[in-house]
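S.K.:
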Amino acid sequence: MDSSTYGFLIFEPVETSLTLKDDESIIWRIHRKVAWCAVDSLSTTTRFEECAADGGGVSEVSVGTNSAWYLTNEGVSLQMELPEKAIFSRVDRDWTLRSISVSDEAVWAIRDGVGSLVVRVGLARCKMGLDWIEIVPEGPSKLVSVCVYRSYGFALDDSGHLWMSSGIDHHHPYGSSDSFYKVCLPVFDARTAPAHAWTVRAASTGLFLSVGKVMYIARSAVSGHKFPREVPGKFDILDNFSVISAGSFIGSTGYIHLCRQDSEVFVYRPARRNFVTITIPSTSQAIVSLCATIGRLSLIDSSGRVFHSDGESSNWEAETTLPEPVCSIACSKLSCWAITCTGSILFKQLGSSVWNTITAPSDVDSDVTPAQVFSSLNGIYVWVLAGGRGWARANINERNPAGARWTETYHTSELCSLAVGDNVVWALDSSGQLLRLRGLAAGNPAGNYWRPISQTTLRAISVDAQSELWAIDMENRLVRHLSDVYMPDRLPANDTQSPFEFI
């Protein structure tokens, strides 16, 4: 398939199903429950000869490097040493299977009627494997289509969600974890086809989705995401938060600071996976916001006052240099930024005690005031939110930490919160949908566009000192963002707003 055009071949009769090896050296088709293999290269005049009709009829086939696994009315069959020898073997099975897919590393199928994942184990010891095991992966609901390609596996469930597993090999036939990554899909027209009729396939050219009569291809990188709960089950009673700041955690050291508005500050230590608590300032009634950097924690209470501590103890020091109460604060290695309760934007260079007023974006609506400010740890990226719109501060550097002007970023829905790292900007929109800014650079701090990342909805987000994402989910639990990326062999030259494009 060419990188810019799609040339389709029409085969007769139309009820033929076709499967082929990536380099087209093995091509099988099924017609009227008989499998046929190609004897010459793929074209509209390709000649086929019968190669399998056992088991009461062939229903599905998947070809690997030099083998073909296929489903029949009576079970599973295998032909090895293709295309020269075609050594035949029946493969035992305990359940009726469908949607079989093979690679050099694994064989996947779906247990019919149940929708669980079934994988073949023992392929390293025997080409036909030793046994089937049933897996109910964490994440997907009832599976409708699976595909395994190299060290990656993909699964579609009956809710219309696409899931990804990585690290597949002979020793890990379903991947490195039974918790799958979710891939964000475009919005499909449900009238095109019900989800149980969707199909997923992978090849060197990309990832393909068949949705009824419509097909999509992802030729660029496809990322999968998951948000496992971080707090051990024995601390479930404590795992209930509304405010998070992860800025003091780096690598395997430091802390995640969390709280409820009417509680003390919880200090979560990921290395030990436990909590300690520190009391809030004695004159404060409730916490509105937390801002943590390495070795420093700042909080804003319900009166708009700011207090600082080392993030480990209750030795709070009041910020006395602010001219008025504030509702948001962000600190970095270069500077501190704050927004007052009246909407003024304040800036203070690191080491200074003087707060200067920064002019708000000129295109903010007259009836709207800035409400939140965010900064990366290195201080290069600073953002404000006002009325669901976001602006990035341009031309920030060590000589000019205040920057020069505001540049707006655009999205179709309102932005409610940001998490700004040294090399990434995340956002939550009004529905809790997670977005990632594409095209971020020091010379382009507002980026190019926002890409939806996961269909998981979140309440609050924060990045740690290494720009890794942490969050509070819709059940108020602390979760950690994990991701992996599937890369086709031939990537397109241009970035696209969605990895999936309509064919």
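For the sequence shown, this note's numbering begins at 104 and goes up steadily by one. Heads up, the beta-carbon is just placed ideally off N, CA and C, and yes, glycines get one too.
(1) Since Pro-331 and Val-582 are thought to touch, with beta carbons under 8 Å apart, how far apart are those beta carbons, to the nearest angstrom?
(2) Less than 8 Å separating the beta-carbons of Val-457 and Ala-489?
(3) Here's the rule I'm using: 16 or more other beta-carbon atoms within 10 Å means buried, otherwise exposed. How should Phe-450 be labelled?
(4) According to DSSP, Tyr-552 sits in a beta bridge with which residue or residues?
(5) Could you give the C-beta distance for Leu-174 and Leu-145, rounded to a whole number, given that I count them as a contact under 8 Å?
(6) Check Lys-337 in the structure and name its three-state DSSP category.
(7) Give the single residue among Arg-228, Val-210, Ile-238, Ile-236 whose Cα lies nearest to the Cα of Ser-254.
(8) With 16 as the cutoff for other CB atoms within 10 Å, does Thr-108 come out buried or exposed?
(9) Buried or exposed: which applies to Cys-250, given that a residue is buried once 16 or more other Cβ atoms fall within 10 Å of its Cβ?
(10) Would you list the residues sitting across from Met-231 in a DSSP beta bridge?
(11) Helix, strand or coil for His-274 per DSSP?
(12) Rounded to a whole number of angstroms, what is the C-alpha to C-alpha distance between His-299 and Ser-417?
(13) Output the boundary residues of the beta strand (DSSP E) element that contains Trp-573.
(14) Measuring only from the beta carbon, is Pro-243 closer than 7 Å to any heavy atom that is part of the ligand ZN?
(15) Would you give the residue range spanned by the beta strand (DSSP E) that Met-318 belongs to?
(16) Go ahead and label Tyr-589 buried or exposed: buried means 16 or more other beta carbons lie within 10 angstroms of its beta carbon, across all protein chains shown.
(17) Do Glu-333 and Pro-373 have their CB atoms nearer than 8 Å?
(18) On the three-state DSSP scale, how would you describe Ala-522?
(19) So Val-409 and Val-429 are supposed to be a Cβ contact under 8 Å. How far apart are they, rounded?
(20) Look up Arg-196 in the DSSP assignment and give the residues it is bridged to.
(21) Considering only the beta carbon of each residue, do Thr-386 and Cys-434 sit closer than 8 Å?
(22) Mind reading off the beta-carbon distance from Val-166 to Trp-131? Whole number of angstroms is fine, and I expect it under 8 Å.
(23) Can we say the region 341-357 touches the region 558-578, given the rule of at least three CB pairs closer than 8 Å?
(24) Put Ala-441 into one of helix, strand or coil per three-state DSSP.
(25) Along the chain, which unbroken stretches of the beta strand (DSSP E) at least 3 residues long are found entirely within the region 126-213?
(26) Taking the alpha carbon of Arg-304 as the reference point, which residue from Ser-206, Asp-470, Phe-151, Arg-502 has its own alpha carbon closest?
(27) Measuring only the C-alpha atoms, how far is Glu-420 from Leu-437?
(28) If you compare alpha carbons, which of Ala-324, Trp-301, Gly-446 is closest to Lys-316?
(29) Can you tell me whether Ala-545 is buried or exposed, with buried defined as 16 or more other CB within 10 angstroms of its CB?
M.R.: Let's see:
(1) Contact holds; Cβ gap of about 6 Å.
(2) Using a Cβ distance threshold of 8 Å, Val-457 and Ala-489 do not count as a contacting pair.
(3) By the 10 Å Cβ count, Phe-450 comes out buried.
(4) Tyr-552 is bridged to Arg-541.
(5) No, Leu-174 and Leu-145 are not in contact; Cβ-Cβ is about 23 Å, not under 8 Å.
(6) If DSSP states are grouped into helix, strand and coil, Lys-337 belongs with the helices.
(7) Measuring from the Cα of Ser-254, the nearest candidate turns out to be Val-210.
(8) Because the pLDDT at Thr-108 is just 43, under 50, the model does not fix this residue reliably, and the point stays unresolved.
(9) Buried: at least 16 other Cβ atoms inside 10 Å.
(10) Partner(s): none; Met-231 has no beta bridge.
(11) In the structure shown, His-274 sits in coil (DSSP, three-state: anything other than H, G, I, E or B).
(12) Between His-299 and Ser-417, the C-alpha separation is close to 55 Å.
(13) Its beta strand (DSSP E) spans residues 572-576.
(14) The ligand ZN is not part of this structure, which contains no ligands at all.
(15) Element bounds for Met-318: 317-321.
(16) Tyr-589 is buried by the Cβ-count criterion.
(17) A contact, by the Cβ cut-off of 8 Å.
(18) Taken through DSSP and simplified to helix, strand or coil, Ala-522 comes out as strand.
(19) Contact flag correct, Cβ pair sits at about 6 Å.
(20) Note: Arg-196 sits in no beta bridge, so no partner.
(21) No. Outside cutoff.
(22) So it is a contact: roughly 6 Å between Cβ atoms.
(23) For the pair of segments examined, the region 341-357 was found to touch the region 558-578: the number of CB pairs separated by less than 8 Å reaches three.
(24) Reduced to three states, the DSSP call for Ala-441 is strand.
(25) Annotation: the region 126-213 contains the following complete segments of the beta strand (DSSP E) (minimum length 3 residues), in chain order: 130-134, 137-141, 151-155, 161-166, 171-175, 179-183, 190-194, 200-205.
(26) Of the candidates Ser-206, Asp-470, Phe-151, Arg-502, the one whose C-alpha sits nearest the C-alpha of Arg-304 is Ser-206.
(27) Rounded to the nearest whole angstrom, the CA to CA distance from Glu-420 to Leu-437 is 21 Å.
(28) Of the candidates Ala-324, Trp-301, Gly-446, Trp-301 places its Cα closest to the Cα of Lys-316.
(29) So Ala-545 ends up on the exposed side.
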